Amino acid sequence: MLSSSAKLNKQKSKKRGNQRQQEIVHHHPQEDDSDSSVEDDNAVAASSMASRDRTGKRDLSQNKQQQIQVELMAAFRRSMHIKVADKHDPHLPNAIASFDEIKIPSWWNRDRGHDERNDTNADALSSFQAIKHAVLHNIEKGRWKEPTPIQMQSIPTLLERRDLLACAPTGSGKSGAFILPALILSHAANCLYYNSTPSNNAPAASSSKKQKKKLQKQQVDSDSLDPSKSQSSTNRQGEIRSLLLAPSRELAAQLHREVDRLGMGKPGGISSLLLMKANASHVIAGTAGGKSGLDVLVTTPLRLVDALHKGLRLDAVRIVVLDEADRLLDAADGKQQRDDKKKQKKKEIKEEKRQSSNPSSDGSSTSKDSEDEEEEEEEDDEDDDNVQPQSSGSSQTQTFLAQMDSILSAVPTSAVRALFSATVTQTVKSLSHSILRNPVDVTIASPGSAGGANTDIEQELMFVGREEGKLLAMRQLKLRGQLKPPVIVFVQSQERAQALFGELLYDGLHVDVIHAGRSRTARDNAVARFRKGETWVLICTDLVARGVDFRAVNMVINYDLPTSGITYVHRIGRCGRAGRKGKAITLFTEADFDNLRTIANVMKQSGCKVEDWMLQLKKSIPKKKSSSAPRRSNIDTTPTYDKKKRFHKRQMIQESKRKKQRTGSYSKDQRESSDKR
């Protein structure tokens, strides 16, 4: 009963409230409108607050997703041992895990000049897919299953047109890391006519005057590089769109072969060339690549400097790559000496004079001859293109660093620049700041690697006592079955390479020799026979110590101890390439103790076992002098009796030549006297 009466009272009060509200509405209609508007405003505000909360949550979730992606990419790089100097670079391209992940660069549509009224976006995508399909097809034919760590980061970085400083161990696929982007960028330059400087770089109103002038200058450079503005799109004769530089002709020839292989089937065909003396005139005249120009030009520095002096232009270059950058940027390397053939002839004359004065000599070099050898060591690993340029001027005496300065001055400032090497020294690091612009610094450092040393190589030091013991050790390796071809043997000079070739020639080994003193044809034939398997043992100087890829090499023998850790790393890097295992044996004598500690340190950092006494050796001479190879006795096992016999035979031949000259001059005098009578 109480509950029912309470309900009745509540209904009556509610009815009275409704009547009162109706009266208020009847007497004050304007106030009602204002109240309703306030309620509407409150509703709008409430809905906006709710939407703002939802947007904030959405933005927060997107930030979390981006952060997760960044952390996942960082974890992936760590797993692949990819080290990037600036980890917090907001524009750092993501590494790829497979070649299929190569995607169209962000600038591809923008620089083509996207227009919503035309289907240029689809055209650009199809153009990119065409070159990508051709490259991936060639990669599959070459049995590249997945990119190597250096390729994972370098390919997307260069495709985004970022300058790059890359350091990776020998045999890690550095060539493919820059050849693939070079082919794609040259294709973009030829088909899409992109500007080298993005079109949205117009100076803002709030920019300073210096920034405006700088951006305007970049825009002018961009306009001058844009083929659609500089010349007809149907005639691009003389253009060079990609430039690859190597320190030796052997390495340059290898890069050229890889360019042709990976560029096979490219839309419009691949147009690449290895710059040589025979075709330099056509390249300078702009007729080498036809109307479409050259996609890729591969060359050595001095050959290109010679062409620049004769009028070659590099205005259209979009990407320039320095392979073995530490060598190309070495201020003490690449010095031009006398011609190798003349040098070899003079050396033979000196040897004949020495033997004529001392026929029973045991083959040890005099101090003067040893000094000549030391001076000629710098020439041993130089290419003939870098020895005898046919141009006149100071370029004949330039170092590699001076040559690179001339080349980079001729390349547009907006071109992509990349430095690759297995050993990046502090000097190269400092020079890169003046060569590269806001570069991506990438280092591939696998566990236990030291200065670019390949951890797939088993390294061994072998003490042989004296120089005579080296040849004996080589023959013992053969008898024990430990000499497993193909083998590369490194020596310190041309003369020693030729002498060792003569000693091993009759030991039942298919042996050949390559050094800068041989002709270009002979060197090419030696490399070709070694690649085919016709040659089992290749004796060489440091000419092929850098970059040259012999994938099936099982063993490297350092017959002469290298004078630096960098040279050692590049020498042993000729084996154990592309994931294969290899073995490196280094022979040393007591004369090598000054340089032994450096090699032992590299081996220890690579995880190899090294005797403690080697690490505790002290250099007895200054570092500047220890960098030169020690004086060594000649490689000659000929008995003294045979030496004397050979000497007497040579003397008899020389005496007979002198007699013929005297008799010839005597008969000539007789004829002249008879004619006078």
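For the sequence shown, UniProt numbering gives the first residue as 1, with consecutive numbering after it. Even glycine gets a Cβ: it sits at the ideal position worked out from N, Cα and C. Note that the coordinates shown come from a computational prediction; the quantities given were computed from them, not determined experimentally.
Item, Value
"Local conformation of C167 per DSSP, three classes", "strand"
"Whole-angstrom distance between G465 and R631, CA atom to CA atom", "15 Å"
"Pick from V602, L183 and D560 that is closest to G469, judged by C-alpha positions", "D560"
"9 Å Cβ cutoff met for C167 and T423", "yes"
"Between the CA atoms of N190 and G293 - distance to the nearest angstrom", "9 Å"
"Residue from Q661, A74 and G176 whose Cα sits closest to the Cα of P90", "A74"
"CB of V317 within 9 Å of CB of V440, strictly", "no"
"N-terminal and C-terminal residue of the beta strand (DSSP E) that S242 is part of", "I240 to L245"
"Those residues which DSSP pairs with E460 across a bridge", "I585"
"Coarse secondary structure for K141, derived from DSSP in three states", "helix"
"Nearest candidate by alpha-carbon position, reference E534, set I102, D512, R523 and R551", "D512"
"CA nearest to the CA of R580, picked from L92, S172, I155 and V135", "S172"
"Nearest-angstrom beta carbon gap, M404 and P247 [assumed within contact, 8 Å]", "That belief does not hold up - the Cβ atoms of P247 and M404 are roughly 10 Å apart, past 8 Å."
"Distance, I104 Cα to P156 Cα", "10 Å"
"At least 3 beta-carbon pairs within less than 8 Å: the stretch 477-493 vs the stretch 588-607", "no"
"CA-to-CA distance, R327 to I566, given in whole angstroms", "10 Å"
"For I240 and residue 678, the rounded distance between their alpha carbons", "An answer regarding residue 678 cannot be provided, because it is not within the stretch 1 to 677 covered by the chain."
"Those residues which DSSP pairs with C540 across a bridge", "F490 and I514"
"A415 - DSSP class collapsed to helix/strand/coil", "coil"
"Any alpha helix (DSSP H) of 4 or more consecutive residues that is wholly inside the stretch 559-612", "565-572 and 593-605"
"Simplified DSSP assignment, three categories, for L294", "strand"
"Residues bridged to H83 [DSSP beta-bridge criterion]", "Inspection of the sequence shows that residue 83 is occupied by Lys rather than by His. K83 is bridged to T443."
"Identity of the residue in R437, L479, T541 and H570 nearest D163 by Cα", "R437"
"Meets three-Cβ-pair contact criterion under 8 Å: the stretch 544-560 and the stretch 488-505", "yes"
"DSSP-derived helix/strand/coil call for V135", "helix"
"contact_flag[the stretch 91-101, the stretch 140-159] where n(CB pairs < 8 Å) is 3 or more", "yes"
"Q62 versus E258: straight-line alpha-carbon distance, rounded", "43 Å"
"Terminal residues of the beta strand (DSSP E) in which I319 lies", "I319 to D323"
"V283 versus V320 - alpha carbon distance", "17 Å"
"Nearest-angstrom Cα separation, counted from K277 out to T521", "14 Å"
"In DSSP terms, what V556 is bridged to", "I488 and A584"
"Cβ pair N138, G263 closer than 9 Å", "yes"
"Helix, strand or coil at T399 [DSSP, three-state]", "coil"
"DSSP beta-bridge partners of L273", "L297"
"Span separating the alpha-carbon of S519 from that of F501", "16 Å"
"C-beta atoms of G517 and E324 nearer than 9 Å", "no"
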